[in-house]
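In terms of our numbering, the sequence shown opens at residue 587 and continues consecutively.
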Amino acid sequence: MHIAYLGLGNMGAEISARLAVFAKDNGHALTVWNRSQDKYAGLRSKIGATFATDLKEIKGADVVFLMVLNDKASADVLAQVLEVCPTAVVVDQSSVNPKTSIANEKAAAAAGARYLAAPVFGRPDAAEAGKLIQVVSGNKEAQELVKPLFDVSARAVINVGEEVYKATTVKLMGNAMILGMMEMLAEVYALGDATGIEPDVFQQFVEMFFPTPSYQVYGRKIGQGSFSAAGGFRLEGGLKDANNILSVGADLGHPVPLPTIELAKKHMLRAVEMGGQDQDWSSLSAAVREEAKLEPYRKKQE
Ligand SMILES: NC(=O)c1ccc[n+]([C@@H]2O[C@H](COP(=O)([O-])OP(=O)(O)OC[C@H]3O[C@@H](n4cnc5c(N)ncnc54)[C@H](OP(=O)(O)O)[C@@H]3O)[C@@H](O)[C@H]2O)c1
């Protein structure tokens, strides 16, 4: 089987590195591609694959993964893929609006390809450890074909059926929970700083009572005030998700008010205004602290 992996950002670099090992062990070919190829120098030692300089080099691939930032990138890259691989199974792991999943599936079907909506839960460190949660919907046979490839980076697969919009809707629902959790962590850690409770002390409670990766990672980032996006998720992506979360009900015919997400979005926008555009999305905390009349950042950012 010829597999192509397109998009070598924080997530794609980790997933494709695992796929490269799997492909080598199982006699498959893996070609990887990224829009900005200045990244290749740093990735060649990590990902044992053929690095394409032009998307045409994936011609004939049987399975093509996409892992790009947003809806526009997903649709644009898909259109280029369909020109060279019109009968492939396209597995879109990008987190996009369910409307985009529907439009992408139509475009793929018109070319003769099959399209799966396949977003993931878990940060790059979970991808590196093979512990993602993979969500998928779309054509059943295509799902069966790629299931062994999901198992390479995921500890579990949630199958949401054949309608592609459902997997990306589940992803948005999950990200709404993560965003709401970060908003709450930012508020309580601000309260702690205002009342003389050391973040390390409160973090003990967080880790004992909520022993899950999200609370641990974001509790530490927000408590300590360290917002490097290296190996994480930038505010730009967080804002894309917040906008998709806020519109998905209306997009699918039934708007639902989501006041917590409105608030978290406002704080992310303010964090960008404060110069944090390259920071992790948990830096919404700086805006929460500013409103609480605390120093926005507990310490100087790297
Ligand atoms: N990071 C996380 O914790 C996490 C967790 C779960 C899901 N996700 C989702 O996974 C996806 C990727 O996230 P990430 O954290 O890996 O993002 P990232 O590190 O910012 O990487 C974004 C990738 O998208 C590519 N890209 C952006 N615009 C493009 C365009 N117009 N055409 C072609 N390629 C384009 C970038 O290429 P360049 O290098 O050329 O800019 C890069 O490869 C997003 O949909 C995100 O919501 C992220």
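Just so it is clear, CB atoms sit at the ideal spot from N, CA and C, and this is done for glycine as well.
Here the structure is a predicted model, which is why all the values come from computation and not from measurement.
Item	Value
Using CA coordinates, which residue listed in Gly809, Arg604, Leu870, Asn745 is at the minimum distance from Ile783?	Gly809
Going by DSSP, name the residue or residues bridged to Phe707.	Ile719
Give a yes or no on whether the C-beta atoms belonging to Val670 and Leu592 are separated by under 8 Å.	no
Is Phe819 a contact residue of ligand 1, with contact defined as CB to any heavy atom under 7 Å?	yes
Apart from the five residues just before and just after Pro785, which ones in its own chain have a Cβ nearer than 7 Å to its Cβ?	Tyr775, Gly778, Gly809, Gln810
Please indicate yes or no: does the CB of Ala615 lie closer than 7 Å to some heavy atom of ligand 1?	no
Nearest to Thr686 by alpha carbon, out of Asp657, Met587, Gly862?	Asp657
Verify the contact flag: Ser622, CB atom, against every heavy atom of ligand 1, threshold strictly below 7 Å.	yes
Taking just the CA atoms, how far does Lys610 sit from Lys642?	22 Å
Is Arg856 near ligand 1, with its Cβ less than 7 Å from a heavy atom?	no
Say whether chain C places a C-beta atom closer than 8 Å to the C-beta of Lys610.	This model lacks chain C altogether, as it is built from one protein chain only.
Taking only three categories from DSSP, how would you classify Phe795?	helix
Does the distance between the C-beta of Leu771 and the nearest non-hydrogen atom of ligand 1 fall short of 7 Å?	no
When the Cα atoms are used, what is the spatial distance from Asp866 to Phe819?	5 Å
For Glu662, does the count of other Cβ atoms within 10 angstroms reach 16, so buried, or fall short, so exposed?	According to the sequence provided, residue 662 is Asp. The question's Glu does not apply to it. Answer is exposed; the Cβ neighbour count stays below 16.
Using DSSP's beta-bridge definition, name the partner residues of Tyr751.	According to DSSP, Tyr751 bridges with nothing at all.
Between which two residues does the beta strand (DSSP E) holding Arg741 run?	740–745
Quick one: does the C-beta of Ser631 sit closer than 7 Å to a heavy atom of ligand 1?	no
Since Leu616 and Ile589 are thought to touch, with beta carbons under 8 Å apart, how far apart are those beta carbons, to the nearest angstrom?	5 Å
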